[in-house]
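One gets our numbering by counting positions in the sequence shown from 1 and adding 9 to each. Glycine residues also receive a C-beta, built at the ideal position from the N, C-alpha and C atoms. All figures in this text were calculated on a predicted structure; none of them were measured in a lab.
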Amino acid sequence: MDKTNAMRILDKEGISYKIYEVDPQLIKDGESHAILLNKDKGEVFKTLVTKGKSGEYYVFMVSVGKSLDLKKCAKSVNEKEIEMIEQKKLFPLTGYVHLGCSPLGMKKQFKTVIDEEAILYDTIIFSGGRIGLSLELKREDLEKVIPIEYFDISRE
């Protein structure tokens, strides 16, 4: 298997993780991905990239069963307003494609906020940097490689 940037970072830091692979053609959205992984949709997280009114970019992680609340997101990073970036800008900015965006190994590390719901789980699952590839690791281990803040950023 070809290693992704996310996997190389974890390997370099000596952090253990579990790999899940599913057929990318079967993934329609985050919830279908959680079903394919046979996991609770609360422990599978999507990685979303946004831009604040200031021009700064931010990464938000929320479980696949929920949506981002952009007002809460703005509050969490002290911005007046936050908006999702256009899908076509995702790859040039991060090096990742839609449905394959990992919080690890982006071209540049952006401030990352995870929905506080993640605290309910010992491990979290998120994209490993390729569509159909997911990584599972302890939250504390993710915190060792990227600075993370927890905040209520979701809505049903």
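Cβ neighbours of Lys147 in the same chain (closer than 6 angstroms, five flanking residues each side left out): Thr132
Would you identify the three-state DSSP class for Glu145, choosing helix, strand or coil? strand
With DSSP as the reference, label Lys62 as helix, strand or coil. In the three-state scheme derived from DSSP, where H, G and I count as helix and E and B as strand, Lys62 is classed as coil.
For the 8 angstroms Cβ check, are there 3 or more pairs between the stretch 101 to 111 and the stretch 52 to 61? yes
Just how far apart, CA to CA, sit Thr13 and Val154? 15 angstroms
Could you pull out every residue in the same chain whose Cβ sits closer than 6 angstroms to the Cβ of Glu158, ignoring the five residues on either side in sequence? Exclusion of the five residues before and after Glu158 leaves Val122 as the residues of its chain whose Cβ lies within less than 6 angstroms of its Cβ.
For Gly23, the nearest candidate out of Glu30, Tyr29, Ala15 (CA to CA): Ala15
Boundaries of the alpha helix (DSSP H) in which Ile24 is found, first to last residue: Counting along the chain, Ile24 falls outside any alpha helix (DSSP H), and DSSP gives it neither H nor E.
Can you round the beta-carbon distance between Glu126 and Gly51 to whole angstroms, since I take them to be within the 8 angstroms contact cut? 6 angstroms
Please give me, in chain order, every unbroken run of the beta strand (DSSP E) with length at least 3 that falls completely inside the stretch 49 to 133. 54 to 61, 66 to 72, 91 to 93, 120 to 124
Work out the CA separation of Glu65 and Lys97 for me, nearest whole Å. Distance between the alpha carbons of Lys97 and Glu65 is about 18 angstroms.
Can you tell me the Cβ-Cβ gap for Ile162 and Ser85, rounded? I've got them flagged as a contact below 8 angstroms. 6 angstroms
When you compare only the Cα positions, how much space is there between Lys116 and Asn47? In this structure, the CA atom of Lys116 is about 31 angstroms from the CA atom of Asn47.
Within the continuous alpha helix (DSSP H) that includes Glu40, where are the two ends? 39 to 46
Between which two residues does the beta strand (DSSP E) holding Ile157 run? 157 to 160
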